[in-house]
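Quick notes on the structure that follows.
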């Protein structure tokens, strides 16, 4: 996924008191997740088919195709999945040829 934003969210909701109190924690500092713009749906993607097989991992394919394992989310996004767990052996997925095409559409 895209990097987290720098927007800080302080979580001091009473819902979590049962977890915070025994540990002496007053609050948890979190960062908001960056979201995609609506124009991401309009991005034209050049891709090739890949048959998912045993041993495949999105991060391994990203490392091989883009030279950066952190771009696994590009493949997931194009295939409308959240992670490897959503895939079954023999399933055909799309591997975008250029990760920058996707990233520029965000």
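Residue numbers (the numbering used here): 4 to 109.
Beta carbons are placed, not taken as given, at the ideal position from N, Cα and C, and that holds for glycine.
Distance CB(residue i)-CB(residue j) smaller than 7 angstroms
i: residue 75; j: residue 62; result: yes
i: residue 81; j: residue 31; result: no
For residue i, the three-state DSSP class (helix, strand or coil)
i: residue 84; result: coil
i: residue 90; result: coil
i: residue 33; result: strand
i: residue 54; result: strand
i: residue 97; result: strand
i: residue 102; result: helix
i: residue 39; result: coil
Whole-Å CB distance - residue i paired with residue j, under 8 angstroms assumed
i: residue 84; j: residue 98; result: Wrong, their Cβ atoms sit about 13 angstroms apart, outside the cutoff.
i: residue 51; j: residue 102; result: Rounded, the Cβ-Cβ distance is 13 angstroms, inconsistent with contact.
i: residue 93; j: residue 54; result: 6 angstroms
Of the listed residues the options, nearest to residue i (C-alpha basis)
i: residue 91; options: 39, 56, 18, 80; result: 56
i: residue 29; options: 58, 40, 16, 88; result: 16
i: residue 58; options: 26, 23, 24, 88; result: 88
Other residues of its chain near residue i: CB distance less than 8 angstroms, five sequence neighbours each side excluded
i: residue 95; result: 52, 53, 54, 55
i: residue 64; result: 53, 75, 78, 98
i: residue 19; result: 31
Sequence-distant residues of its chain with Cβ nearer than 7 angstroms to residue i (five each side left out)
i: residue 24; result: none
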